[in-house]
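As they're listed, the protein sequences go chains A and B.
Throughout the first sequence, residue numbering follows the numbering used here, covering 8 to 414 in sequence.
Throughout the second sequence, residue numbering follows the numbering used here, covering 209 to 304 in sequence.
Ideal Cβ placement from N, Cα and C applies to all residues, glycine included.
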Amino acid sequence: MSKLIKYICFILFLSIAPFHQSFAQEGDSVQKFKSFKLSRITFTGNGYCGFDLELDKQLTDTTGMTSSSISVGLAPILLWKITPNLFFESELDLMMEHGMVTAELGYANLTYSIHKFGTIQVGKFLSPFGLFSERYHPFWINNAPNEPLGFDHEGYSPQSELGLCIRNGTTHFNYAVYVSSSPLMDTGADVVKNAGKIVYHTDFGTDINDKIGFGGRVGVLPFKNSVLEIGASYKWMQLKLGDHYHGGTVTHSHSSGEDLSALYIGNIYAIDLTLQKNLPGIKGRIEIKAQAQYSDAGKNNFIKLSPSGKTEVAYTYLNTTKIGYVLFAYKPVFANNKILKKTGIYLRGGYMELPLGSLWYENTQEVSGGFNYSFKWNNTLKLGYQQILSAKKSYTNSIMIQWATAF
Amino acid sequence: MGNGILKNGKKGLVAMAIILIAFWLHSCKTGEKVAVEKSGAELWSEQCSRCHNMPDPTTYSDDKWETVSMHMKVRANISTKEIELIKQFLQSANGD
């Protein structure tokens, strides 16, 4: 552990080294920002409301099950520019789905910005792992009315970090590196099926893993006008088994035990690509967003009930997950017609491969597409269709309507 | 145990150290020359449409742009010089 601390200090030292040249250039902005002003506290936020109609079908069967759901979300954001260089941001996520209301602290952190060096962020911040969590997840930004497979709230991609992050960017290159609390690995105590899932979201009252992890992302923008960004991310985690549903100690329903003190090492990697370009020739703008990731948390041991339901049996599986998506969107922003220029279409393909042998195993692919209408830059109505095909030879068709806004 | 765990993470930490050194050298050498040549309006249309629709300057007052610009500087890793130019443009074009 002392070695790890040494490495972290080394990285911090490297980052802090350019400080001396930064301070000199900051005099000007400090001059303009002498007095404290309450107006530098700002409330923004975003919200959405959607309706989803689902039809589940077996490929071999002609009958199916239809279900519908309404989801509503509101995320008030408080921003405070305390001094020219010190900034506080926080977001509360309120969600209602299937009649259940949940509240979660999206983020709350303090950022110190130093001219050339970049920024140091401390607290809970959105994970700069890949781009979806940090940049594309708010529904008013996401072209589609739902998340790609595996990138949802309960999904398999890091969403937020509790720790310290250093980041910087120039026109062609940017990076973010962080040291943070590792996620917990689900014991399966609450929902037996979930044993071994890495829990990337933290609700109020969630246990926090005291084992640290670290990660980072580098982004390269090869062209001057920032049309293309390619990124690579890595995160290293010390996964402790924990119950993320109830605060306090782990409550375990199994009589004979898996080793609750086990510590699994997790590695997760991602590559991402974003391309957005105005093409007056086709009177519009195209966007391509893609992310692919792979995680490996080693061989995990758990206990499940035997098929008879009377005895408990041990099982082991290799905890690897693969998820990814590609989204293509076209917006005819240069069309002459006032209504047409506010429209857009999107097409998305994605996959999700969860560990074979786990009780949460799934191997699914999705194809989805839809139509958008933006009343304003921050106010969009979406109509989407999605088909999810699973290896269990069943498929789900959904039709979704959603309105999303930022304010 | 500690060493076993470190073996995996070591490569990642070394990679990050290399990235930081490369970035530091890069920013010392080239500074923000390219960005400074562009106007606030140009940067706004290039940078502020990378992740979402391009925000309309009239949406917010000067004070609100002051804070929201900082929010976006951090979120989008935009350099201090670039965000300053964008903010000045937004504040001049919002009709306040």
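Residues near residue i in its chain [Cβ-Cβ closer than 7 Å; skip 5 each side]
i: GLU369 of chain A; result: MET359, LEU361, SER397
i: ALA202 of chain A; result: ASP193, THR194, GLY195, PHE309, LEU366
i: THR49 of chain A; result: LEU86
i: THR109 of chain A; result: MET102, ASP210
i: THR328 of chain A; result: TYR163, SER302, GLU360, LEU361, PRO362
i: LEU99 of chain A; result: ALA82, PRO83, ALA110, LEU112, GLY113
i: ASP304 of chain B; result: SER269, ASP270
CB contact check: residue i to chain B, cutoff 9 Å
i: GLY80 of chain A; result: no
i: HIS253 of chain A; result: Interpretation of HIS253 of chain A is limited by its pLDDT of 40, a score under 50 that renders its predicted location unreliable; the figure taken from the coordinates is listed afterwards. Answer no: the Cβ-Cβ gap between HIS253 of chain A and chain B never drops below 9 Å.
i: GLN409 of chain A; result: no
i: LEU162 of chain A; result: Here residue 162 of chain A turns out to be Gly, not Leu, going by the sequence shown. Chain B contact via Cβ: absent.
i: HIS425 of chain A; result: Past the boundaries of the shown model lies residue 425 of chain A; chain A is included only from 8 to 414, so the question cannot be answered.
i: ARG47 of chain A; result: yes
i: GLN128 of chain A; result: yes
i: LEU86 of chain A; result: yes
i: THR327 of chain A; result: no
i: SER188 of chain A; result: no
i: SER74 of chain A; result: no
i: SER140 of chain A; result: no
i: GLY137 of chain A; result: no
i: THR412 of chain A; result: no
i: GLY226 of chain A; result: yes
i: THR350 of chain A; result: no
i: SER36 of chain A; result: At SER36 of chain A the pLDDT is 48, less than 50, meaning the model places this residue with poor confidence; the figure from the coordinates comes in the next sentence. For SER36 of chain A, the answer is yes, since a Cβ of chain B falls inside 9 Å of its Cβ.
i: GLY125 of chain A; result: yes
i: THR178 of chain A; result: yes
Chain A within 9 Å of residue i, Cβ atoms only
i: ASN285 of chain B; result: yes
i: ASP304 of chain B; result: no
Residue i: contacting residues in chain B (beta-carbon distance under 8 Å)
i: GLN283 of chain A; result: SER257, ARG258
i: ASN181 of chain A; result: ASN285
8 Å Cβ cut-off: residues of chain A touching residue i
i: MET280 of chain B; result: Simply none; closest approach about 10 Å.
i: PRO263 of chain B; result: TRP384, ASN385
Contacts that residue i makes with chain B (C-beta to C-beta distance below 9 Å)
i: TYR143 of chain A; result: CYS259, HIS260
i: PHE94 of chain A; result: THR275, MET278, HIS279, LYS281, VAL282
Listed by chain order, chain A residues near residue i by CB distance under 7 Å
i: LYS272 of chain B; result: THR49
Contacts around residue i, its chain only, beta-carbon distance under 6 Å, and the 5 residues preceding and following it disregarded
i: ASN285 of chain B; result: none
i: SER120 of chain A; result: ASN92, THR126
i: GLY356 of chain A; result: VAL333, VAL374
i: LYS218 of chain A; result: SER189, GLN245, LYS247
i: CYS56 of chain A; result: VAL79, TRP410
i: PHE139 of chain A; result: PHE158, GLN298
i: ILE4 of chain A; result: Lying outside 8 to 414, the shown extent of chain A, residue 4 of chain A is not represented and no answer is given.
i: PHE378 of chain A; result: ILE352, LEU390
i: THR73 of chain A; result: LEU62
i: ALA413 of chain A; result: ASN53, TRP147, ASN385
i: ARG224 of chain A; result: PRO135, ALA183, GLY238, SER240
8 Å CB neighbourhood of residue i in its chain, flanking five on each side removed
i: ARG142 of chain A; result: ILE148
i: SER440 of chain A; result: Lying outside 8 to 414, the shown extent of chain A, residue 440 of chain A is not represented and no answer is given.
i: SER233 of chain A; result: THR178
i: HIS208 of chain A; result: GLU111, HIS160, GLU161, GLN166, SER167
i: TYR392 of chain A; result: SER375, GLY376, GLY377, ASN404, SER405, ILE406, MET407
i: ASN302 of chain B; result: PRO265, THR266, THR267, TYR268, SER269, ASP270, TRP273
Interface residues of chain B facing residue i [CB-CB closer than 7 Å]
i: ILE148 of chain A; result: CYS259, HIS260
i: ARG174 of chain A; result: ASN285
i: SER381 of chain A; result: ASN261
i: THR118 of chain A; result: VAL282
Under 9 Å by beta carbon: chain A residues contacting residue i
i: THR266 of chain B; result: None at all; the shortest Cβ gap to chain A is about 10 Å.
Assess contact between the segment 291-300 of chain B and the segment 245-255 of chain B, defined as three or more Cβ pairs (one per stretch) separated by less than 8 Å. Is contact present? yes
Report the residue ranges of all beta strand (DSSP E) runs contained in full by the segment 133-182 of chain A; include only those spanning at least 3 residues, in chain order. 167-176
Unbroken alpha helix (DSSP H) runs of length 4 or more, entirely within the segment 236-293 of chain B: which are they? 241-245, 248-255, 270-284
Would you call the segment 126-142 of chain A and the segment 165-172 of chain A in contact, with 3 or more CB pairs under 8 Å? yes
Length at least 3, wholly inside the segment 355-410 of chain A: the beta strand (DSSP E) runs in chain order: 370-383, 386-397
Would you call the segment 181-191 of chain A and the segment 80-97 of chain A touching, i.e. three or more CB-CB distances under 8 Å? no
Does the segment 341-353 of chain A come within contact of the segment 311-330 of chain A, defined as at least 3 CB pairs closer than 8 Å? no
Does the segment 171-180 of chain A come close enough to the segment 282-294 of chain A that 3 or more CB-CB pairs lie under 8 Å? no
To be precise: take each residue of the segment 232-246 of chain A, compare its Cβ to all Cβ atoms of chain C, and keep it if any distance is under 7 Å. Which residues remain? Here chain C cannot be found, since the structure's protein chains are A and B.
Sequence ranges, beta strand (DSSP E) only - wholly within the segment 213-247 of chain A, length at least 3: 219-227
Ignoring anything shorter than 3 residues or poking outside the segment 71-105 of chain A, list the beta strand (DSSP E) runs there in chain order. 71-88, 93-104
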